[in-house]
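Take 1 as the starting number for the sequence shown in full-length UniProt numbering and just add one per residue. Everything on this sheet refers to the single structure shown next.
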Amino acid sequence: MKAARPKAPTAPNPPSPSGARRRKPAQSRARATADAIRDAFFQLLAEKPYDRISIRQVIGLAGVGIGSFYEYFSCKDALAAVCIHLRVKAIAATMRASIDAHRTEPLPARVDALIDAQSAAPLAEPEHWAALFVVERKVSGIEAFRNMYAEFVQLWMETLSGGPEWPTDAPLGPTAFAVHAMTYSLVSQTLMTATRPVDAVALRRAVGNAVHGYLSIQAPLAYRMHRFEPG
């Protein structure tokens, strides 16, 4: 009788493709839940003051449970901070795309494109953004605000210095700070203090004239052919 040969060890079965992909639907659902909570909060901001918005109102509008809320956000202030961060981040990404798309254009055209990129979202939803600007002052710490401001100033520096028209002796950093401050402040403070619907076209024109007027002093040759809009 022949001795039975020992069986060679078999390799474990590889994970099935369905098992390997199992986490993706969960991740997708988690993202959808967090998005729904943020969108509900953003919608409520246009309807009532921040202090009168409750977590139960948010989850009721979002259609999720209280446990889902606390899975993603520790409190209402944390939700507000995330909403602000993501929307500011989206504006910065739009500005970055604008810089890349308009590098070869003259300075005034590059500036106009960046003003549009920075102000388009608030001007499209002025009531929502007016409330968001108010909440920003309540929930954003000074370091977060400084970091955000520095990022936007850097984007303006890239736009101003992106062509040959920028004078070598012009103060790039302070100028970028000033034009960002003009754009941000004119838009945010107009929206926050408005007691009637904001004329988005008139506000955009005011921002453009303020920024271009200041830059025409810093880079006069680039603006020798520029025509300012009246009003």
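Virtual Cβ for every residue (Gly too), placed ideally from N, Cα, C.
query                                                                                                                                                                                  : result
Under three-state DSSP, which class holds residue 220?                                                                                                                                 : helix
Check each candidate in 174, 164, 166 and name the one with the smallest Cα separation from residue 153.                                                                               : 174
Please name the residue, chosen from 62, 54, 159, that lies closest to residue 32 on a Cα-to-Cα basis.                                                                                 : 62
For residue 225, does the three-state DSSP call read helix, strand or coil?                                                                                                            : coil
Using a Cβ-Cβ cut-off of 7 Å (strictly less than) and excluding sequence neighbours within five positions of residue 206, which residues of its own chain qualify?                     : 186
Rounded to the nearest angstrom, how far is the Cβ of residue 79 from that of residue 37, given a contact under 8 Å?                                                                   : 7 Å
Roughly how many whole angstroms lie between the Cα atoms of residue 46 and residue 131?                                                                                               : 6 Å
With a threshold of 9 Å between beta carbons, is residue 173 in contact with chain D?                                                                                                  : In the structure shown, chain D cannot be found, because there is only a single protein chain.
Can you confirm whether the stretch 104–111 touches the stretch 180–194 when touching is taken to mean that 3 or more C-beta pairs between the two stretches lie within less than 8 Å? : no
Can the beta-carbon of residue 158 be found closer than 9 Å to that of residue 222?                                                                                                    : no
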